[in-house]
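Number of protein chains: 2
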Amino acid sequence: MPSYQAPLRDLRFVMDELLDYPAHYARLPNGEDASPDIVAAILEEGGRFAREVLLPLNQSGDQEGCVLEGGEVKAPQGFREAYQQYVEGGWPSLAADPAQGGQGLPHSLAMVLSEMICATNLAWGMYPGLSHGAADALRHHGTDEQQATYLTKLVEGIWTGTMCLTEPHCGTDLGLIKTRAVPAENEAYSITGTKIFISAGEHDLAENIVHLVLAKLPDAPEGSKGISLFVVPKFMPDAEGNPGERNGVSCGSLEHKMGIHGNATCVMNFDNATGYLVGPPNKGLACMFTMMNAARLGVGIQGLGLTEASYQNSLAYARDRLQMRALSGPQAPEKPADPIIVHPDVRRMLLTQKAFAEGGRMLVLYAAQMLDVVEHGKPGEERERAETLLGLLTPIVKAFLTEAGFEATNEGVQVFGGHGFIQEWGMEQLVRDSRITRLYEGTTGIQALDLLGRKVLMSQGETLKVFTKEIHKFCKAEEANAELAEFTQPLAKLIAEWGELTMGVGMKAMQDREEVGGASVDYLMYSGYVTLAYLFARAAKQAMATLADGAEDPAFYEAKVNTARFYYQRLLPRTRAHAQMIQAGAGSLMALTSEDFGLGFEV
Amino acid sequence: MPSYQAPLRDLRFVMDELLDYPAHYARLPNGEDASPDIVAAILEEGGRFAREVLLPLNQSGDQEGCVLEGGEVKAPQGFREAYQQYVEGGWPSLAADPAQGGQGLPHSLAMVLSEMICATNLAWGMYPGLSHGAADALRHHGTDEQQATYLTKLVEGIWTGTMCLTEPHCGTDLGLIKTRAVPAENEAYSITGTKIFISAGEHDLAENIVHLVLAKLPDAPEGSKGISLFVVPKFMPDAEGNPGERNGVSCGSLEHKMGIHGNATCVMNFDNATGYLVGPPNKGLACMFTMMNAARLGVGIQGLGLTEASYQNSLAYARDRLQMRALSGPQAPEKPADPIIVHPDVRRMLLTQKAFAEGGRMLVLYAAQMLDVVEHGKPGEERERAETLLGLLTPIVKAFLTEAGFEATNEGVQVFGGHGFIQEWGMEQLVRDSRITRLYEGTTGIQALDLLGRKVLMSQGETLKVFTKEIHKFCKAEEANAELAEFTQPLAKLIAEWGELTMGVGMKAMQDREEVGGASVDYLMYSGYVTLAYLFARAAKQAMATLADGAEDPAFYEAKVNTARFYYQRLLPRTRAHAQMIQAGAGSLMALTSEDFGLGFEV
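Taken in sequence, the protein lines are chains C and F.
Under our numbering, think of the first position of the first sequence as 1, with each following residue one higher.
Under our numbering, think of the first position of the second sequence as 1001, with each following residue one higher.
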C-alpha cells in the first residue's frame, strides 16, 4: 500500500526560512494566532489526519467508487466517517471568518493542509473541496439572510457546497447555458435545467448540500452577460435552519470516469427547484469567478499533492527494488543486484518529481502569501500589488502545477516499470486521478489564454512587469554572489527574454488575434518554468547562506542546492523549446481547413 | 462510440510515393505477390476488419475485462469470435514462410495491418500479437521436430504463443530468474517456477498456447549467461499433433491493470511442466532477443495505432463541438458558437497528433523496409546495412513512438475537455491502454540505454554514421532547392549537432560510465525528433514535387507540406531542450545519496 509522510521539514524551510511566514503572519490582522508553534502543531496534526485517516481509504475508494440508488449516492466505505472526523477536528473552518463560525487563521495555512489531503485522497478531498468556493461566493455576494442561512453550516462543514456551471453542450462557454430561472413567490426563483460534471453533487457525507447554480432569467441578455447565480439547497432549511423539505434538485446519474472514482461526479437535474438570487441579476459570471479563482488555486494544489505522493512512493520503490548493477560497478555487492536508485535515469525521474514537488510547494506558498494579503491585508499599495501578482500567478499555479503533476505521476509509474501499471501498487491511480486536474476549472488552454490574453496583454504587459521587476531586483542584488551565479545568470537572461517574447506576441497579436491562442500554452509553460527558476534561485541562496552559517542539518541544505541545480540543468532547458515555439507564430496552426485535417484517412 | 477509418490515403502516399514500396517489393524474393493492387486490396480489407470487427469490441472489452474461473480465463464477449474470423481470414499467416503454412508476403505488410489492429483494439491485438515472436524464436532456433510440431499451428493462428520472461523479482534483469529446468526423460525438461505479466498467458481464443519460457539449468552459470529457452505447451501435442494431455502450467491469477483490460495478463505457475530446450543450453537470452526485437517494433506500432485513433476521434469532436467564438471573429455565425477546431490551441493539439501519426507511420514503414531486406534480402552489403540501420532504429521506434503515443492520446483527451475524462467517449481508454507501451518489452529508459550504449557508443558512433550519412546526402542533394530550405537547413544543422552530442557523451563516458545513463533518455528523444524531421523533409520534398507536377488532389499534398512545417516549427524545437540536457551531464543526477532524497519528508 502507498505510504505518505507530510513534508514537514520542507514546509519548514519554505515557510520559515525562505518566505518568512512568521513575519508575514505577524503583519496580518488575522495572523496573531498563527504563531510558529501553533502552525507547526496544525501541520503535524494535519499530516497525521491525511496519513492515518485519508490514505487508507484512497485505493479502496478508487475500487468501490460511488453508487446511486433511489436518487441517493453512497460514497465509498469509510468516506462518511472520515468526513465526520474532519468536521469534528474543526478542519473545514480553519481559515474562515470567526463571525461565521470560522477559526480565523490565514488562508495560506488551509492551502498547506490541502496539499496533504490531495496527496493522500484526492477523491475524498473533492467533497469538502468545493464548499470553500461556495462559501466564498456567498460571503462576497450573498444577502445577510443567505449568509445567516448557509454560511456557518458551510464553514463548519455541516453542509457541503457545489458549483453548478457546466451543461451538456457547454463548459468553457457558459454564455450558452440553457438552465432557466423563473421568478416565483417570496423572492424565490423556480430553476429548471440539467447540469453535468457536478463534483459532490449528491452524497451521504453531510446532511445537506448547497448548490450554487448558474441560470438565465427570462429577460436575460444573450451570452455570458445574461447569466445569474442562484443558491439552491438540496433540502430547504426549515424555521430552525435545519434541513427541511426536499427541493426539486436530484442526481440523475453518476459519470463513469478515468479517475477520482471515490468522488461522485453527478448529472444534476433541476426541476422547478427553488433557488435564490446571489448578487445582482445577470452578474452571475462575476460572482462565479469568486469561486473559480479559489478553485483554480485549489486544483493547482491538487497537482502538487499528487506530485509529492508519487515522489515519496517511487522513491521507496527505487530504494527497495534490486535490478542490474550500476554502470560504474556494483554498489551493493552483498545483494544479488543494486537498488535501482543507483541508475542515473531512475534518479532523473525521481529528481524530476522532487523538483516539481519542492518547486510547486514554493510557488503555492508564495501565491498563498498574496492571497492572505488580498483577503486580510490593509487596503493600499501592498494589497493592490498582491492582487495583481495573484491574478498573474493563478493560471500558472493551476495549469503549470497540474501539467507538472501529470508528468510527475507518470514518472512515478515509470520508476516502477511494469509494476506501475498494476493497480495494487497505487501508482497508476495517481496518474488517473491527476488527469482530471488538467481539465476541470478551466483546461490548461483556458488558463493559458487567461494568462497571456487577459492578465499580460490586456494590461500592456504591466502585470508581468510587476513580477519580473521583483525577479530582476533579486538578480541584481545577488550580482556579486559568485556562488549563486549558476542560478542568477541564466535567470537574468530569462527575465529579459520573457519580456521580449511577450512584446513579440503582443506585436503579432495586433495584426492577428489568433497569434494569442497560437502562443498561449507555450507561453504559460515558459512562464511556469521561469517562475519556478526564480523560486529555486532564492531557495539556493537561502540554503547556501544557512550552510555558510553552519547549519544543524547540512545534508538537507546541500540537497536543496542540488535540487535547484538539477532543476536548472535538466528541466529549465525546456524554456529553449517553448521560446522557439512561441516565436514560430500561429501560421502553421491556421493553414489547414477543417476538411484538410481529414485528408489522410477520410474517403 | 469512437470511429476509425484506416488511413489508406496516407499509407498510399508513404508506401507508393515516398518510400517506393512497389520497387522495394519487386526486388524482394518474396515480393512478387505484393503487387500494388494486391497490397491495396489487403490494406482495404484489413481496415474493414479492424473497423467492423475489432473496434466494436474495444470499449466493451475494456469494461468487461477477463475472468479467471477454475483455472480457465474467459476473454471479453466477442473476442473469441473475432479471433476465429481473424484466423479464417488468413490474417495471422500473411507474412509467414509458405513452407510453414504462411502466405509468404513481406513482413512490412503485416506491420501496416498491425497499426490498424492497435488503433481499434489493442487489448485484443495482444492475443495474436505475441504469436509472431514465439514463431520467430522457433523458426530461428527450434529443432526440425519443434518446428513441425508448433510452427504451422502458430503461423496459422490455430494456437497462440507467449513470451515468459518476467518473474516477481526481476524484469529488466533476467539474470536473476529463479525458474528451474531439470532434465527429464526423452530429452524433455521439468520446469518449475513463477512467471508474471504474461500477456495472453491463458485464454479461450485458441485451442492451445505455446509458452516460450526462460529458465535455468541445474549447472547453469550465474546471471544472464546461464539462461536457457524452453518451449512449454499448455496441452501436450498428441500423436496427431492435436492438443492432448494438460501440461503442468496454469494461470494463478490475473493482474488488475490500468488499461488493456481485455487482455489477460497472467501470473503463470509452472509446476514440473514438461518443456523442451530451444537453441543451445545457456544461450536463451540470445534466442529471446529474436522475439524481443520483433516485439519492440510491434510495441512502437502500438504507439502509432493509438496516436491515429486519438487523432481521428478528437478531430471529429473538434469539428462538432461548439464553444466560444474565434478570437478573430465568428467563423460559423449561423451557429450559437464556433466549432472548437477554429481555435489555434485546439489546432495545435490536433496537429501534434497528426504529425506524430504521419511521422510515426513514415518511421515504421521506413524501418519495415529494412526488416523486409533483413528477412528476405540477398546476403551482402545491402542486407548488412539494413541490419545495422534496423538495429539503430528499433529502440527509437519502440520508445519514441510510445512516448509520442502517450502524448498524443493525452492531447486527444484534452481536446474533449472534461468529456475526455468520461469513459463513454472512449478517449481516456486510449490513454490507459497506451500507458503500458512505455513500459513493456523494455521501458523507455532501457531502450535509451540500448540506443546510446549498445548501438551508438559500442560501435564508436559508426552505426549512427550509417544513418546520418544518408540524411547528410539528402540535404546535400537538395541544397539548391530553395523551396525546401525551411526543412533542409535546420535538418543539416541537426545532423551535425547529433554527431557532436554523441561525441560529447562518448568522451564523458570514458571518464565516467554513469554519463551514458544520465544522457540516454534525452538522447533517445533527440534522436527520435531528428529522425522524424528527416522523414518529414523527404515527405515535403515529395509533396512539393507532386504539386509542381499538377497533383490530382493538391489539398492532400498541401496539407502534407503544412504538417511538415508544423512539425519543424512546433515540435522539433524540443531538440533544443534535449540537446542542452544531454550536455548538462550526469552531475546533478548523481550528487545525492539515497538518504538525501528523503530529507524533505522523512523523520
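Built from N, CA and C at the ideal position, the CB exists for glycine as well.
From the DSSP output, in three-state form, read off residue i for me.
i: Tyr1025/F; result: helix
i: Val231/C; result: strand
i: Ser1314/F; result: helix
i: Glu1358/F; result: helix
i: Cys627/C; result: Lying outside 1 to 603, the shown extent of chain C, residue 627/C is not represented and no answer is given.
i: Glu497/C; result: helix
i: Thr531/C; result: helix
i: Glu555/C; result: First, the amino acid is wrong: residue 555/C is Ala here, not Glu. The answer is helix: DSSP assigns Ala555/C an H, G or I state.
i: Val1182/F; result: strand
i: Ser1199/F; result: strand
i: Gly1163/F; result: The sequence given here has Met at residue 1163/F, not Gly. Looking at Met1163/F - three-state DSSP - the assignment turns out to be strand.
i: Ala206/C; result: coil
i: Gly193/C; result: strand
For residue i, which residues of its own chain have a beta-carbon under 7 Å away from its beta-carbon, when the five flanking residues on both sides are left out?
i: Asn1242/F; result: none
i: Thr575/C; result: Leu494, Tyr526, Tyr529 and Val530
i: Asn247/C; result: Val232, Pro233, Lys234, Phe235, Met236, Ala273 and Thr274
i: Gly201/C; result: Thr162, Cys251, Ala264, Cys266 and Met268
i: Thr1502/F; result: Val1456, Gly1461 and Leu1464
i: Ala1316/F; result: Ser1003
List the residues of chain C whose Cβ lies closer than 7 Å to the Cβ of residue i, in chain order.
i: His1343/F; result: Gly517
i: Ala1591/F; result: Asn562
i: Gly1598/F; result: Leu315
i: Ser1520/F; result: Asp345
i: Pro1336/F; result: Leu176
Quick one: which chain F residues come within Cβ less than 7 Å of residue i?
i: Arg319/C; result: Ser1594
i: Val87/C; result: Chain F residues near Val87/C: none, gap ~27 Å exceeds 7 Å.
i: Cys170/C; result: Gln1323
i: Ala586/C; result: Pro1344
Could you list which residues in chain C have their beta carbon closer than 8 Å to that of residue i, in chain order?
i: Asp1686/F; result: Summary: the structure shown does not reach residue 1686/F, with chain F confined to residues 1001 through 1603, and so no result is reported for it.
i: Leu1439/F; result: Val413, Gln414, Gly417, Gly418, Gly420 and Phe421
i: Leu1501/F; result: Ordered by position in chain C, no residue passes the 8 Å Cβ test against Leu1501/F, which lies about 13 Å from the chain.
i: Thr1166/F; result: Gly418
i: Leu1055/F; result: What Leu1055/F touches in chain C: nothing, since even the nearest Cβ is about 14 Å away.
Who are the Cβ neighbours of residue i in its own chain at under 6 Å, not counting the five residues just before and after it?
i: Gly78/C; result: Leu57
i: Gly958/F; result: For chain F, the structure presents residues 1001 to 1603; residue 958/F sits outside this window and is missing.
i: Trp1159/F; result: Lys1153, Ala1206, Asn1208 and Val1210
i: Ser1434/F; result: Leu1306, Gly1405, Phe1406 and Thr1409
i: Met370/C; result: Ala386, Leu389 and Leu390
i: Val1096/F; result: For clarity, residue 1096/F is Ala in the given sequence; the question names Val instead. Gly1102 and Val1155.
Which chain F residues sit within Cβ distance under 9 Å of residue i?
i: Arg435/C; result: Asn1410, Val1413, Gly1420, Phe1421, Glu1428 and Val1431
i: Glu424/C; result: Glu1255 and His1256
Tell me which same chain residues have a C-beta within less than 8 Å of the C-beta of residue i, skipping the five on either side of it?
i: Arg1080/F; result: Asp1204 and Leu1205
Name the chain F residues that come within less than 8 Å of residue i, Cβ to Cβ?
i: Phe601/C; result: Gln1005, Ala1006, Pro1007, Leu1008, Arg1009, Asp1010, Glu1308 and Gln1312
The stretch 1173 to 1201 of chain F: positions lying closer than 7 Å to chain C by Cβ: Asp1173, Leu1176 and Phe1197
Could you list the residues in the stretch 1238 to 1259 of chain F with a C-beta less than 8 Å from some C-beta on chain C, going in chain order? Glu1255, His1256, Lys1257, Met1258 and Gly1259
Could you tell me which uninterrupted alpha helix (DSSP H) segments, each at least 4 residues in length, are contained entirely in the stretch 1402 to 1483 of chain F, listed from first to last along the chain? 1427 to 1435, 1444 to 1449 and 1462 to 1477
Under 8 Å (Cβ pairs) to chain C, residues found in the stretch 1441 to 1452 of chain F: Thr1443, Thr1444, Gly1445, Ala1448 and Leu1449
In the stretch 208 to 292 of chain C, which residue ranges form an unbroken beta strand (DSSP E) of at least 3 residues, counting only runs that do not cross its ends? 208 to 215, 228 to 233, 235 to 237, 243 to 246, 249 to 254 and 265 to 278
Below 7 Å between beta carbons is the criterion; list the residues of the stretch 550 to 583 of chain C that meet it against any residue of chain F, in chain order. Ala555, Phe556, Ala559, Asn562, Arg565, Phe566, Gln569, Arg570, Pro573, Arg574, Arg576, Ala577, Gln580 and Met581
Quick one, which residues of the stretch 1 to 13 of chain C are near chain F if we go by CB-CB under 9 Å, in chain order? Tyr4, Gln5, Ala6, Pro7, Leu8, Arg9, Asp10, Leu11 and Phe13
Interfacial residues, the stretch 358 to 389 of chain C to chain F, with Cβ spacing under 7 Å: Glu358
If the cut-off is 9 Å on Cβ atoms, which residues from the stretch 1526 to 1545 of chain F count as contacting chain C, listed in chain order? none
At a Cβ cut of 8 Å, what residues of the stretch 1278 to 1312 of chain F count as close to chain C, listed as they run along the chain? Glu1308 and Gln1312
Which parts of the stretch 362 to 403 of chain C are runs of the alpha helix (DSSP H), unbroken and 4 residues or longer, counting only runs that do not cross its ends? 381 to 395
What ranges does the alpha helix (DSSP H) occupy inside the stretch 28 to 55 of chain C, keeping only unbroken runs of at least 4 residues that lie completely in it? 36 to 49
Could you pull out every unbroken alpha helix (DSSP H) segment of at least 4 residues lying fully inside the stretch 110 to 168 of chain C, listed in chain order? 122 to 141 and 152 to 156
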